[in-house]
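In the working numbering, the protein residues as written are 75 to 663.
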Ligand code: SAT
Ligand code: MN
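Given below as structure tokens:
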């Protein structure tokens, strides 16, 4: 086994626990080489060069898109695989009805068989990473061992990766152990295993996104949610955005929506021309770690340092900042390419596709040119709405928590929960149409509490209880809201323009938090009256506005009954407080 001794000597000496584990894994997986990732620009550039030379990475047009590359994944490996994702706790009840479960011994044995010798002929990369600012007490570290150079390139953008992270690990020797191999990409030999009690992850047979970039969903949500419950904080599937009003007041809000429902666009929102003076700062677009502060408020850090965003639909009209952000130094996955070697996807303003995501000559008969779940990976620092607050080790104080999904009907544009406890019920009731971010049917409504259905590393009943406990600790708890940008009329036309215009809804939310926004009591919660929303310049008819802010009682009753049977399906640990809230909501009808 050849190694680069000068690199190995430098990095492998930093943490004894890491190097012992790397040696164990190398014995099991028998790689040809071991590469410890420095995380330096030179290290990354060299790796990228190797991939380009091997034909695994394609250089895009460096005149128009400097620093941009395209990776084409295996056609059978384009989304998260929820049915192959397991939480392996000693007691099955701890994983809950919301997770696939396997006994840890059984899972370990199965994975051992798969990992045995799987890196023969390959390089084993050691990827030390830190989730959160390196100097934050709330940050947590991990080491991912992988045989995919593409994964390394992504981790270098998405996390604080390399030597500094390893040095932080050496400080207390706690880290999440993530072992990943692309294996042979056979969908029949693909598993994503989590061992929250051992702070460990094993992923085999996929090189894609949330299956393979273990810092993201596996660590920062599934393992971290477990750690958060033990330690008294929350790991959530939320974007975080700062909003500065024309009066110069800045408030931060965090919002949870399921994958591919617009978190990135909301985090990078561009104020409409009719709302001059507003400024928007992005803190994060996917994950928030939330801590009760000594001041009784809830504080948030973004554990990630980049965006792994959905490309289709990103245009100057929907997200001007993102278009600027991904013009340079961006790693694209499964997008199409123009005749001029520029990246292309559905919704692009310019050009036309020449080759599709599979590299074939584009033919509309073959389906969309870019895969619907094609992605861009880019550093957060390239975002025009970047703010140094991202690096604040304390995080930012949160004024409002927002939940939502993609719902054609029922859920109104916005409403406020009556209390924290009611808010937890509202969040637990979130339902959304499924998207291309996960394998399976698209457009089917399913329950997705807190947008955490695929990501909560333990029993949902315990999780709701934990949410109630956190609320009880907060003297200045954020208010809780529910939004829905996706209401449609009978003809399937969206009732609300969305995108930048969503600032009108956020402005009402901030008014409510400041104690000045008006509302009326509806049966679902507190709703804005027409005069409470800034609607100048929108041209919404009274009828559409009514449709957006009213909920028919019969439909709401049916929804609540549906929520009750959903909670029943989650087993005996669902807190009785949520059932009491539910009964109260039914009474109000
Ligand atoms: O594939 S990821 O989990 O990283 C993206 C997503 O589904 O939200
Ligand atoms: Mn996500």
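C-beta atoms are modelled at their ideal positions from N, C-alpha and C, and glycine is treated no differently. This one's a predicted model, so the numbers in the text were calculated from it and none came from an experiment.
Provide the residue(s) that pair with residue 235 in DSSP beta bridges, ordered along the chain.
Residue 235 pairs with 203.
Give me the Cβ distance between residue 341 and residue 313, rounded to the nearest whole Å; I'm assuming they're in contact under 8 Å.
Contact holds; Cβ gap of about 4 Å.
Measuring only from the beta carbon, is residue 403 closer than 7 Å to any heavy atom that is part of the ligand MN?
Flag unset: Cβ of residue 403 not near the ligand MN.
Just to confirm the assignment: which complete beta strand (DSSP E) runs, minimum length 3, are found wholly within the segment 507 to 559?
Entirely contained in the segment 507 to 559, the beta strand (DSSP E) runs reaching 3 residues are, in chain order, 519 to 521, 553 to 557.
Taking buried to mean at least 16 other C-beta atoms within 10 Å of its own C-beta, is residue 190 buried or exposed?
Under this definition residue 190 is an exposed residue.
Can you tell me the Cα-Cα spacing of residue 173 and residue 270, whole angstroms?
About 13 Å.
Quick check: the Cα distance between residue 525 and residue 540, rounded to an integer number of angstroms?
When rounded, the distance between both Cα atoms is 16 Å.
Does the beta-carbon distance from residue 472 to residue 374 come in below 8 Å?
In contact: residue 472 and residue 374 (Cβ atoms closer than 8 Å).
Short check: CB of residue 598 to CB of residue 555, under 8 Å?
Contact: no.
Should residue 459 be listed as close to the ligand SAT, given that the test is whether its C-beta is under 7 Å from any heavy atom?
Incorrect: residue 459 has no Cβ contact closer than 7 Å to the ligand SAT.
What distance in whole Å lies between the Cβ atoms of residue 117 and residue 197, which are believed to be in contact at a cut-off of 8 Å?
At roughly 13 Å, the Cβ-Cβ gap does not stay under 8 Å, so residue 197 and residue 117 are not in contact.
Measure the CB-CB distance between residue 254 and residue 220 and report whether it falls below 8 Å.
In this structure, residue 220 lies closer than 8 Å to residue 254 by Cβ.
Below 8 Å on the Cβ atoms is my contact criterion, and I expect residue 498 with residue 652 to pass it. Report the Cβ-Cβ distance as a whole number of Å.
Right, their Cβ atoms sit about 7 Å apart.
Can you give the Cα-Cα distance for residue 479 and residue 133, rounded to whole angstroms?
Straight-line Cα distance between these residues: approximately 36 Å.
How long is the line joining the alpha carbons of residue 581 and residue 212, rounded to whole angstroms?
Their Cα atoms are separated by approximately 29 Å.
For residue 75, which residues in the same chain have their Cβ closer than 6 Å to its Cβ, ignoring the five residues on either side in sequence?
Because the pLDDT of residue 75 is 47, which lies under 50, any placement of that residue in the model is unreliable, and the question is left without a value.
Between residue 142 and residue 509, is the Cβ-Cβ spacing less than 8 Å?
No, these two residues do not count as a Cβ contact at 8 Å.
Of all residues in the structure, which have a C-beta closer than 6 Å to any heavy atom of the ligand MN, taken in chain order?
Selection output, chain order preserved: 311, 333, 360.
Apart from the five residues just before and just after residue 178, which ones in its own chain have a Cβ nearer than 7 Å to its Cβ?
Excluding residues within five positions, the ones whose Cβ falls inside 7 Å are 162, 164, 269.
Is residue 154 near the ligand SAT, going by C-beta to nearest heavy atom under 7 Å?
Yes, the ligand SAT has a heavy atom inside 7 Å of this Cβ.
For a quick check, are the C-beta atoms of residue 388 and residue 410 less than 8 Å apart?
It is not a contact, given that the beta carbons lie outside the stated cut-off.
Which residues does DSSP list as the beta-bridge partners of residue 313?
DSSP lists 329 as partners of residue 313.
Helix, strand or coil for residue 213 per DSSP?
Here residue 213 sits in coil by DSSP.
Have a look at residue 81 and residue 109 and give me their C-alpha separation to the nearest angstrom.
For residue 81, the pLDDT reaches just 49, beneath the cut-off of 50, and the residue's location in the model is therefore unreliable, leaving the point undetermined.
Can you give me the C-alpha to C-alpha distance between residue 283 and residue 590, rounded to a whole angstrom?
If you take the alpha carbons of residue 283 and residue 590, they lie about 42 Å apart.
Which same chain residues end up closer than 7 Å to residue 95 when comparing Cβ atoms and leaving out the 5 residues on each side of it in sequence?
Taken in chain order, the residues that qualify are 251.
What do you reckon, are the CB atoms on residue 343 and residue 574 nearer than 8 Å?
Yes.
What number of angstroms, rounded off, separates the C-alpha of residue 535 from the C-alpha of residue 636?
Distance between the alpha carbons of residue 535 and residue 636 is about 17 Å.
In this structure, what does DSSP give as the bridge partners for residue 282?
Its beta-bridge partners do not exist; DSSP assigns none.
Inspect the CB distances between the segment 365 to 380 and the segment 482 to 491 and report whether three or more fall short of 8 Å.
With the cut-off at 8 Å, the segment 365 to 380 and the segment 482 to 491 do not touch.
Quick one: what's residue 453 bridged to in DSSP?
According to DSSP, residue 453 bridges with 380.
Alpha carbon to alpha carbon, how far is residue 123 from residue 391?
Their Cα atoms are separated by approximately 34 Å.
Specify the secondary structure class of residue 339 as computed by DSSP and reduced to three states.
Residue state, collapsed to three classes: helix.
Is the Cβ-Cβ distance between residue 446 and residue 366 less than 8 Å?
Not a contact, by the Cβ cut-off of 8 Å.
Whole angstroms are fine: how far does the CA of residue 463 sit from the CA of residue 552?
Going by the C-alpha atoms only, they are around 19 Å apart.
Just tell me which of 459, 571, 647, 624 has its CA closest to the CA of residue 600.
Residue 600 has its Cα closest to that of 624, out of 459, 571, 647, 624.
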